[in-house]
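Here's the structure, in C-alpha cells; my notes come after.
The structure is reproduced here in C-alpha cells:
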C-alpha cells in the first residue's frame, strides 16, 4: 500500500470539500480530512494499493478542478493550484522507489487525461520544493511559464487562472503541525518561524512560516517537519515554545494537520513532552488497523 496526502485549495465550502473527498475515496481508503477556513485549504489522507490510489487521485483532482475557482479564492496559505500539491508516501514496509514510480504515473495521467499543467517536486523533481513554484503566487508562476523559465513535465504548457497547476511529488512521511501563540502580533510568529526553520539556520528538515489567521483571530507558526529522525516533533514544539518565550510570548495550543506515525507519539512520551492536539486517534497505523 501507498499513502497520498493531496492538498486542495478549499476549506470553507463544506459541500465542495465533501464532494472532493468522495471522489478521492472512490477507490482508496479516506483516512482523514483536515479543513481550515483561514488557510482555505483541505488536506486529505488516503491509502490504497498503487492502482487504486492512482485511480482515486485522478478522480479527486478532477473534482477539485470542477468545484474550485482560484479567481475567487482567498486564504493565508500559499497555493498555485485548485489541486495544489499531491505527495505520494511509502507506508511501513514500502519503498520510495514505488512511491516515486506511482507519483510519475499520477502526474502523467493528470496531464494526459485532465490537461492540467503538472510540475514535479522532491526527489522526482530535482529536489525542488513546492515553495519554489509558489513564489509570487499563481500570477508569477504563469509569467515564469510564459517566459519558458519553467516548463511543466506533463500537461498543458499554460496555466489558467481558475485551476492553476498541480504539483506532484514523492516523499518520506512528514508531520504538518501548527503552534498557536498567545499574541496579536504576527511579527512574533514570523520571527519564531525564522528561528526554527532549516533555511534560516534552524532545525534540520523543518519548514516554518508565521501567519495571522483573520477569521479565527489567531497567530500561528505553521510547520512541516520533513525529517522526523533529526528533528522529532516534540523537540520542534519545545523549540517553538523557547523561541516564543524569548520574545515574551507563550504557546497557546497546537494543531495537527493529517495523521502521525505511532513513533512520533512514542518519542514524545519517552521525552515526557505533551503534544497539544495529538492523541492516539490521530495515529496513522490505528486508522489503517495495523
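Residue numbers (the working numbering): 1 to 290. Idealized CB from N, CA, C, for every residue including glycine.
Query, Result
"Quick one: is residue 38 buried, meaning 16 or more other Cβ sit within 10 Å of its Cβ, or exposed?", "buried"
"Can you grab the Cα-Cα spacing for the pair residue 102 / residue 279, in whole Å?", "31 Å"
"Taking three-plus beta-carbon pairs below 8 Å as touching, is the region 56-64 in contact with the region 106-113?", "yes"
"Is it buried or exposed for residue 84, if we count other Cβ within 10 angstroms and need 16 for buried?", "buried"
"How many Å lie between residue 25 and residue 203 at the Cα?", "36 Å"
"So for residue 68, helix, strand or coil by DSSP?", "coil"
"Should residue 215 and residue 206 be called a contact, given that it needs their Cβ atoms to be closer than 8 Å?", "no"
"Find out if the Cβ-Cβ distance for the pair residue 43, residue 164 is shorter than 8 Å.", "no"
"Can you tell me which of 274, 273, 172 puts its alpha carbon nearest to the alpha carbon of residue 224?", "172"
"Quick one: is residue 122 buried, meaning 16 or more other Cβ sit within 10 Å of its Cβ, or exposed?", "buried"
"Excluding the 5 residues flanking residue 360 on each side, which residues of the same chain have their C-beta closer than 8 Å to its C-beta?", "The chain is shown from 1 up to 290; residue 360 falls before or after that span and cannot be answered."
"Have a look at 256, 220, 227, 230 and flag the residue whose alpha-carbon is nearest the alpha-carbon of residue 240.", "220"
"Hey, would you say residue 114 sits closer than 8 Å to residue 50, going by beta carbons?", "no"
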